[in-house]
Each structure stands twice: as structure tokens, then as C-alpha cells.
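Chains as they are written, first to last, in the working numbering: chain S, 135 to 372; chain A, 135 to 372.
C-beta atoms are modelled at their ideal positions from N, C-alpha and C, and glycine is treated no differently.
Here the structure is laid out as C-alpha cells; the discussion comes afterwards.
2 protein chains.
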Amino acid sequence: MGEIRQDMVRNNLLRLMSADSFGRLRGDLEWVELPRAFELSRPNEACPYAYFPEAGIASIVAKSPEGQQTEIGVIGRDGMTPASLVLDAGHDPYSIFMQVQGEAYRIPYASLQALIHEDRDLHGLLARYAQALAVQSAYTALSNAVHHIDERLARWILMCHDRSDGNEISLTHEFLSIMLAVRRPSVTTALHMLEGKKLIYSERGVIIVRDRAALEAFAHDVYGECEKEYERLIGTRP
Amino acid sequence: MGEIRQDMVRNNLLRLMSADSFGRLRGDLEWVELPRAFELSRPNEACPYAYFPEAGIASIVAKSPEGQQTEIGVIGRDGMTPASLVLDAGHDPYSIFMQVQGEAYRIPYASLQALIHEDRDLHGLLARYAQALAVQSAYTALSNAVHHIDERLARWILMCHDRSDGNEISLTHEFLSIMLAVRRPSVTTALHMLEGKKLIYSERGVIIVRDRAALEAFAHDVYGECEKEYERLIGTRP
DNA sequence: CTGTTTATGTCTGATACCGTACCGACTTGT
DNA sequence: ACAAGTCGGTACGGTATCAGACATAAACAG
Chain S
135 MGEIRQDMVR
145 NNLLRLMSAD
155 SFGRLRGDLE
165 WVELPRAFEL
175 SRPNEACPYA
185 YFPEAGIASI
195 VAKSPEGQQT
205 EIGVIGRDGM
215 TPASLVLDAG
225 HDPYSIFMQV
235 QGEAYRIPYA
245 SLQALIHEDR
255 DLHGLLARYA
265 QALAVQSAYT
275 ALSNAVHHID
285 ERLARWILMC
295 HDRSDGNEIS
305 LTHEFLSIML
315 AVRRPSVTTA
325 LHMLEGKKLI
335 YSERGVIIVR
345 DRAALEAFAH
355 DVYGECEKEY
365 ERLIGTRP
Chain A
135 MGEIRQDMVR
145 NNLLRLMSAD
155 SFGRLRGDLE
165 WVELPRAFEL
175 SRPNEACPYA
185 YFPEAGIASI
195 VAKSPEGQQT
205 EIGVIGRDGM
215 TPASLVLDAG
225 HDPYSIFMQV
235 QGEAYRIPYA
245 SLQALIHEDR
255 DLHGLLARYA
265 QALAVQSAYT
275 ALSNAVHHID
285 ERLARWILMC
295 HDRSDGNEIS
305 LTHEFLSIML
315 AVRRPSVTTA
325 LHMLEGKKLI
335 YSERGVIIVR
345 DRAALEAFAH
355 DVYGECEKEY
365 ERLIGTRP
């Protein structure tokens, strides 16, 4: 098997780290498929691997004691999981799982931990990513507090679109309703609203982005801040 | 002027760091008063000092382009500001300001930054605090999405109570309504509801915690998770 | 083709919360 | 003591969203 070439990977963090850093990681990286619902990390448990997604979308979900839950972050090939690795936390209270199937390079948790202790640049990059993710969850909090369902839905579609290859996003209303912590029929009506404005097209199990620019305009108050912050901290994606 | 003694400080992070770490910080620490509304950090600007509050409560607030805002984190003597310092972020998009006046030790941003680069233990402690704060904002997002105003208010009072000395918290309904991103009259009615259950007592400009245990019981689904996580990551407060 | 599952669309009534306005009560300054 | 400002209580109509149930429709499995 040939060695993994840095200029062939699609994960943004793997691309942006120095060639030296990548060189040290390379030997421990392993390619894996990530089917839908695959768990990348379980709440309050040490997780054996860190993942650098190459394709697909993962959700970070927080849960209350009574079982209410909502998504607080989205990870695609812009990031890695679990971000708490760089924060010395051991584990975190979230559930992280695949929402749109994909693939990733993974590396044993302890290996990556050891590497970042000796590589200040790499540590810095992942720390800045952790900050970008924290900002994402902060703006999710804001959005949950003040915005309407259709705007939050638009934000969510845009965030997934950013992390997808084409314009199609495969998932059900049921699933979306859990992510946004709203009723399933509310998702249906909100999608109809966006469809009525010709921003998206929606079929059984699929949402298709039809007019990205207009979608951004519609969501201008709810989408964009944390994306700007990501660019400042990490740099533009390919 | 005598040197600051570590066993006399009240800030939890300053107390919990090693004597060596504290020794290196000590020379740069400076005591300051923090009046209400004092800005500890401004959005998207480098901030000159890091603060370790000894008393009082600061809020981290995120704002949307149209000016909608909500609190995404609370900092008292359990923490420091800005937490993004340890994440190499330079600055962050939030506004951080005093909500209940107090005091703090402050240290030039660059000094602390330099110190944590050479002190792995100190870096680890502050990184874990950054994680604790991120968890706080994640649970705020959850709470904003699924809980009712009276529960969110109860959570908020508990979080402030944790960071206060007595049972009194001084602030106006107006202010609270901004923190929770609700109407001011909604705060009034929610407070009446908690008062009716004998959990608190409320006067012009003051909220008094009357029955902490019952308040926790009332807020059981909304308060507690991130507090547990703080204890795991940082350790019990004095 | 048929029955079963899964996903979506729709309805009805309830309710939590909003926007706005207004008024009284307390606080402060002169 | 009086005016001016601040803060809190209340009311009214409007609406976004909920809770739950039910009906269709597409996909799937035999």
C-alpha cells in the first residue's frame, strides 16, 4: 500500500498542517468508511480514535437528563473529532455520529495526543479549530434563542451544503426535527416555505439546494458569523 | 506592597494551579476593580489583559448582524477571560462585560500567553477551563432550544448564585431579558412564578435565592450537566 | 402484486411567548 | 419637596410553535 499523499487528502486540517506535521501523522492514519449513524464518540466515554473526515457530515448532539436533545455542532471535512482532544479533556458529554455517510482518516486518540504535545504548530492548528467549533456552538445558542424555524433550517442547510460535494443532502424530516429540536411537521412546513421561495427543492429523503445565494440572503442574520471566524482562524477551504 | 499569596486568592484557577505556576504569574498580576458594565473584552478586537475574577459576574454575549443578542456563558471566580487565549485565537467575536460588579487579578494578555507556552501544567488547566466553558455554551444552546422561560431563568439564577457570596443577586428585569433573549415582561412573570413557589424572593433590582435545593429540583433538566463537567475537568470550588 | 414499513403532508385545538402600550411605584437629583 | 428618570406590573391582540392524530404516498420485501 502506498503512503498517503498530503496533497491528495480532502480534509482541510490535514491539508493545512505543515508537511512535517503531516509526515509524523501519516504512519498512524487509517482510512475508514463511516456509514450513517456511525458513532465517532459517545457521551462521557474515552473514544479510541480521532477522525479527520474526508466526506460526509457528523453531528455533535447534547442531551438533557430528561432526554431532550439538539445539535450543537456540525463537522465535515473542515474539521476533526473530538475537538476536546486538544483541550486535555479526555472525553466530553456529547454524542457525535454520522448524519450523512462518508469516509475519514482516523488515528488512535493517544497517538494524536502524543503528537500534538511535541508539535507546537499542529497543536495551534487544532486548538484554533476547537475555538472555531466553540464559536459554532455559541452561534447555535444565539440562533436557538432568537430565530424562527425557517431561518434555523436555512442555516442548517447552508452548513451542510458547505460540507457536501454536490447540491443534494440526504436526510429525512424526522432526522432534521431532532437536530433542530422542533416537531417533525414543523420541518415539513418550513421546507415548503423555502421551496415556495425557490431556494431549495425537496423530495422524499433529499433536500436539493437550488439557489445558494438567495438562501444566504434569506439566512443573513443567522448564517455567516461563525463561518467568517473559521476562515480567520483556519483559512479558506479548497 | 506585599506579594500576593496564592492561598489568599479566591479565583479558583489561580488557587488550583501549581505553586510554581503561580510563582511565575505573580509578578505580572495586578488587582483591579470591575464596575458594572466594565468591558473585559470587545468583539473581534485583541484585548490587552486576561482577567481572573475574584468576585462579581461577567457575561459572554454573542450578537447577530441585525443586533439580536444573547448570553452564551457566565464567568465568575470559577474562571478567567478570555478563554480563547489558550486556544491561540487572538480574539473572539463575543462581548464580555461585568454584569455584577466585582474585582479581579489581571495580567497582560501577552504575558499569560508566553507563560502558558512554557508551562504545560498551566496550559492544561486553562485548556480544560476552555472546554468547561464550551460545554456551558453547548448546554445553553440546548436549553434555548427546548426549555421554557421559567426553567431557563432558574438555571440562570443558579449559575449566578454559584458565583456569588450571599443569596442576593443585583440586577434588573430589563438586563435579564437581554441575557435570556426574551421580553422584559416575560422575565417579570417568570420571576413571579418562581416567587409563587417560594424558590426566590424578588425586589426592585434584586433577586434573593430562598430555597436553593428546590430551585435545583425545579431546574433539574436544565441545570447541572455543565457544572458536573466543570468539576470533572477543574475540580471542586472552595 | 401485496402487504408492510418508512416518509411526508395536513388538520385541530392548545399554549407559550411576542410586540406594544400604559401606568404606578420607587429612586435620584436639585 | 418636586421633577425627572428608572424600574416593575399588567393588559390586549397576535402568532409561532406545540401536541397529537390521521391520511396519503413512496419504497421495500416477500
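Suppose only complete runs of 3+ residues qualify. What are the beta strand (DSSP E) ranges in the segment 194-233 of chain S, listed by chain order? List check, beta strand (DSSP E) in window: 203-209.
Run through the DSSP bridge pairs and tell me what G236 (chain S) is partnered with. The sequence position of residue 236 (chain S) within the first sequence is 102, counting from 1. Under DSSP, G236 (chain S) forms a beta bridge with S:L168.
Can you give me the Cβ contacts of Q270 (chain A) inside the same chain, cut-off strictly under 6 Å, excluding the 5 residues immediately before and after it? Sequence index remark: in the second sequence, residue 270 (chain A) carries index 136 (1-based). The answer, listed in chain order, is G207 and C360.
Is the CB of V280 (chain A) under 7 Å away from at least one CB in chain S? Taking the second sequence and counting its residues from 1, the one referred to as residue 280 (chain A) is at position 146. Contact of V280 (chain A) with chain S is assigned, a C-beta pair being separated by under 7 Å.
Using only alpha-carbon positions, find the residue among S:I312, S:I250, S:D162 and S:I291 that is nearest to Y335 (chain S). For the purposes of this step, residue 335 (chain S) is taken as the residue at position 201 of the first sequence. Comparing Cα positions, the closest option is S:I291.
By how many angstroms is the C-alpha of D162 (chain A) removed from the C-alpha of V314 (chain S)? Locating residue 314 (chain S) in the first sequence gives position 180, counting from the first residue. Locating residue 162 (chain A) in the second sequence gives position 28, counting from the first residue. The amino acid at residue 314 (chain S) is misidentified as Val; the sequence shows Leu. Looking at the two C-alpha atoms, the distance is approximately 46 Å.
Take A180 (chain S) and list the residues in its own chain whose beta-carbon comes closer than 8 Å to its own, dropping the five residues that flank it on each side. By 1-based counting over the first sequence, the position of residue 180 (chain S) is 46. Excluding positions up to five away in sequence, the list reads G224, H225 and Y243.
Min CB distance A223 (chain S) to chain A below 7 Å: Taking the first residue of the first sequence as position 1, residue 223 (chain S) is located at position 89. It does; some Cβ of chain A falls within 7 Å.
Residue span of the alpha helix (DSSP H) that contains I291 (chain S), given as start and end: Taking the first residue of the first sequence as 1, we reach residue 291 (chain S) at position 157. That run of the alpha helix (DSSP H) goes I283 to D296.
Helix or strand or just coil, what does DSSP make of S271 (chain S)? Locating residue 271 (chain S) in the first sequence gives position 137, where the first residue counts as 1. S271 (chain S): helix per DSSP, three-state reduction.
Does the segment 170-185 of chain S touch the segment 147-162 of chain S, meaning 3 or more C-beta pairs lie closer than 8 Å? No contact exists between the segment 147-162 of chain S and the segment 170-185 of chain S.
What in chain A is Cβ-close to T274 (chain S), meaning under 7 Å? Against the first sequence, residue 274 (chain S) aligns to sequence position 140. One finds A275 in chain A with Cβ atoms closer than 7 Å to the Cβ of T274 (chain S), taken in chain order.
Using a cut-off of 8 Å between C-beta atoms, extract the partners of P199 (chain A) located in chain S. Here residue 199 (chain A) refers to the residue found at position 65 when the second sequence is read from its first residue. Per Cβ cutoff of 8 Å: H354, D355, G358 and E359.
Per DSSP, what kind of secondary structure is A192 (chain S) in: helix, strand or coil? Here residue 192 (chain S) refers to the residue found at position 58 when the first sequence is read from its first residue. It is a strand residue.
My output table needs one value for P177 (chain A): the three-state DSSP class, helix, strand or coil. Taking the first residue of the second sequence as 1, we reach residue 177 (chain A) at position 43. When DSSP states are grouped into helix, strand and coil, P177 (chain A) belongs to the coil group.
State yes or no: is the C-beta of A196 (chain S) within less than 7 Å of the C-beta of Y228 (chain S)? Looking up residue 196 (chain S) in the first sequence gives position 62. Looking up residue 228 (chain S) in the first sequence gives position 94. It is a contact, given that the beta carbons lie within the stated cut-off.
With 7 Å as the threshold, decide whether the Cβ of R240 (chain A) is near any Cβ in chain S. One-based indexing of the second sequence puts residue 240 (chain A) at position 106. No, its Cβ sits nowhere closer than 7 Å to a Cβ of chain S.
Meets three-Cβ-pair contact criterion under 8 Å: the segment 258-265 of chain S and the segment 316-331 of chain S: The answer is no - the segment 316-331 of chain S does not touch the segment 258-265 of chain S, with fewer than three Cβ pairs under 8 Å.
In this structure, does DSSP put E137 (chain S) in helix, strand or coil? Position 3 of the first sequence, counted from the start, is the residue given in the question as residue 137 (chain S). E137 (chain S) falls in the coil class under three-state DSSP.
Buried or exposed: H251 (chain A), going by 16 or more other Cβ atoms within 10 Å of its Cβ? Taking the second sequence and counting its residues from 1, one reaches residue 251 (chain A) at position 117. Counting other Cβ atoms within 10 Å of its Cβ, H251 (chain A) stays below 16 and is therefore classed as exposed.
Kindly indicate the opening and closing residues of the alpha helix (DSSP H) around S311 (chain A). Position 177 of the second sequence, counted from the first residue, corresponds to residue 311 (chain A). Residue range H307 to L314 is occupied by the alpha helix (DSSP H) that includes S311 (chain A).
Around the Cβ of R318 (chain A), are there at least 16 other Cβ atoms within 10 angstroms (buried) or fewer (exposed)? In the second sequence, counting from the first residue as 1, residue 318 (chain A) sits at position 184. Per the 10 Å Cβ criterion, exposed.
By Cβ distance, which residues of its chain are closer than 6 Å to E308 (chain A), with the 5 residues on each side in sequence left out? Here residue 308 (chain A) is taken as the residue at index 174 of the second sequence, counted from 1. The residues are R318.
Count the other CB atoms, across all protein chains shown, that sit within 10 Å of the CB of G339 (chain A); report buried if there are 16 or more and exposed otherwise. Counting from 1 along the second sequence, the entry for residue 339 (chain A) is found at position 205. By the 10 Å Cβ count, G339 (chain A) comes out exposed.
Quick check: what's the CA-CA separation for I303 (chain A) versus G330 (chain A)? In the second sequence, counting from the first residue as 1, residue 303 (chain A) sits at position 169. In the second sequence, counting from the first residue as 1, residue 330 (chain A) sits at position 196. Cα to Cα, the separation comes out at about 18 Å.
Identified DSSP bridge partners for Y263 (chain S): Mapped onto the first sequence, residue 263 (chain S) falls at position 129. Beta-bridge annotation (DSSP): Y263 (chain S) is not paired with any residue.
Any Cβ of chain A within less than 7 Å of the Cβ of I209 (chain S)? Mapped onto the first sequence, residue 209 (chain S) falls at position 75. Residue contact check for I209 (chain S) against chain A: no CB pair falls below 7 Å.
Kindly indicate which residue of A:A353, A:V343, A:F156 and A:F352 has the alpha-carbon position closest to the one of L249 (chain A). As a working note, residue 249 (chain A) is residue 115 in the second sequence. Comparing Cα positions, the closest option is A:F156.
Against chain A, with Cβ distances strictly below 7 Å, would Q233 (chain S) count as a contact? In the first sequence, counting from the first residue as 1, residue 233 (chain S) sits at position 99. No, Q233 (chain S) does not count as interfacial toward chain A.
Along chain S, in chain order, which residues have C-beta atoms closer than 8 Å to that of A204 (chain A)? For this step, residue 204 (chain A) is matched to residue 70 along the second sequence. Going by the sequence as given, residue 204 (chain A) is Thr instead of Ala. For T204 (chain A), the residues of chain S that pass the 8 Å Cβ criterion are A275, L276, A279 and V280, in the order they occur in the chain.
From R346 (chain A) to Y273 (chain A), what distance separates their C-alpha atoms? If you number the second sequence from 1, residue 346 (chain A) lands on position 212. If you number the second sequence from 1, residue 273 (chain A) lands on position 139. Rounded to the nearest angstrom, the two C-alpha atoms are 21 Å apart.
Proximal chain A residues relative to S218 (chain S), where beta-carbon distance stays under 7 Å: Start at 1 with the first residue of the first sequence, and residue 218 (chain S) comes out as number 84. By Cβ distance, chain A contributes Q265.
Show which residues of chain A have a CB atom less than 8 Å away from the CB atom of L367 (chain S). Your numbering for residue 367 (chain S) matches position 233 in the first sequence. Ordered by position in chain A, the residues that pass the 8 Å Cβ test against L367 (chain S) are A223.
Expressed to the nearest angstrom, what Euclidean distance is found between the alpha-carbon atoms of R254 (chain S) and E365 (chain S)? Along the first sequence, one-based indexing puts residue 254 (chain S) at 120. Along the first sequence, one-based indexing puts residue 365 (chain S) at 231. Rounded to the nearest angstrom, the two C-alpha atoms are 20 Å apart.
For M232 (chain S), does the count of other Cβ atoms within 10 angstroms reach 16, so buried, or fall short, so exposed? On the first sequence, position 98 is the one that residue 232 (chain S) refers to. Burial call: buried.
List the endpoints of the continuous alpha helix (DSSP H) containing Y243 (chain S). Reading the first sequence from its first residue, position 109 is the one you call residue 243 (chain S). Element bounds for Y243 (chain S): Y243 to E252.
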